[in-house]
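Read in our numbering, the sequence shown has 22 at position 22, and its numbers run on one by one without any break.
Glycine included, C-beta positions come from ideal geometry on N, C-alpha and C.
Let me begin by presenting the structure, written as structure tokens, before commenting on it.
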Amino acid sequence: MDIDVKEIVKISHELYKRQLVSGKAGNISVRTKLENKDIIAISPTLKSLKDLKEEEIVLVDLEGNVLTKGKPSSEVNLHLEIYKARNDVNAIVHTHSPYATGFAFSSKKIKRLEGFGKITTPFLEEIDYLPPGSIKLAKNAAEAIGNEDVLILKHHGVICVADQLKEAANLAEFVEDIAKTQFITHTLNLSEDI
């Protein structure tokens, strides 16, 4: 399988347009096989997904060795640990979308609704805050995501995983829409009838 850097760039731009990332926040990656070895194509550090270019995508192996020019996202270990833990995951989207991240910074949880697969728990899985880019965050996230496709990082953001990059991006959008709906519902329920 070849690395489709055009798709990575296209999805990066779409995430920005959908307002799921802003500034230089957020990162995405795709796993592929090259010569029977797992290779990860990941967005670079300190680069906005808004205007990411094909030549800026960084390739690393599962040990984090950089195989091309450029510096991978500061969250590269987060991606690598999830890939190591989940053979079924070939794409990861990490966003700081406003509503879902708002929930991550609050005591409220995002309800699990249809679209997240089989409903086995009432809320999306979440983990306590750990410093972004840290190995501890990477390992805790990889363990906590288990068989889930979404993980809320408290005081940080959202991780969505899937077999395909487009599916992970669509899931990130769905999480944001559900968070927005829950926020609006909560606000309306607090207001008095006029």
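Per DSSP, residue i is paired with what?
i	result
Asp-61	Ile-39
Arg-31	Ile-40
Ala-172	None; Ala-172 has no bridge partner.
Ala-162	Ala-91
Pro-207	Residue 207 lies beyond the stretch modelled for the chain, which goes from 1 to 194, so this question has no answer here.
Ile-127	Leu-153
For a quick check, are the C-beta atoms of residue i and residue j less than 8 Å apart?
i	j	result
Gly-146	Ala-104	no
Val-89	Ala-172	no
Val-30	Ile-82	no
Val-21	Ile-42	no
Pro-73	Pro-44	The amino acid at residue 73 is misidentified as Pro; the sequence shows Ser. Yes; because the gap between Cβ atoms is below 8 Å, this pair is in contact.
Ala-91	Asp-163	yes
Can you tell me whether DSSP reads residue i as helix, strand or coil?
i	result
Thr-185	helix
Pro-122	coil
Leu-113	coil
Thr-101	helix
Val-9	helix
Ala-85	helix
Val-21	coil
Leu-153	strand
Residue range of the alpha helix (DSSP H) that residue i falls in?
i	result
Ile-3	First-last for Ile-3: undefined, no H or E at that position.
His-94	First-last for His-94: 91-95, but that is the beta strand (DSSP E), not the alpha helix (DSSP H).
Lys-139	135-145
- Given 8 Å as the limit, is there contact between the stretch 149-167 and the stretch 116-131, that is, 3 or more CB pairs closer than that? yes
task = Decide yes or no for the touch test of the stretch 134-143 against the stretch 106-124: beta carbon pairs closer than 8 Å, at least 3 of them.
result = no
**Prompt:** Taking contact to mean at least 3 C-beta pairs separated by less than 8 Å, is the stretch 13-26 in contact with the stretch 53-67?
**Reply:** no
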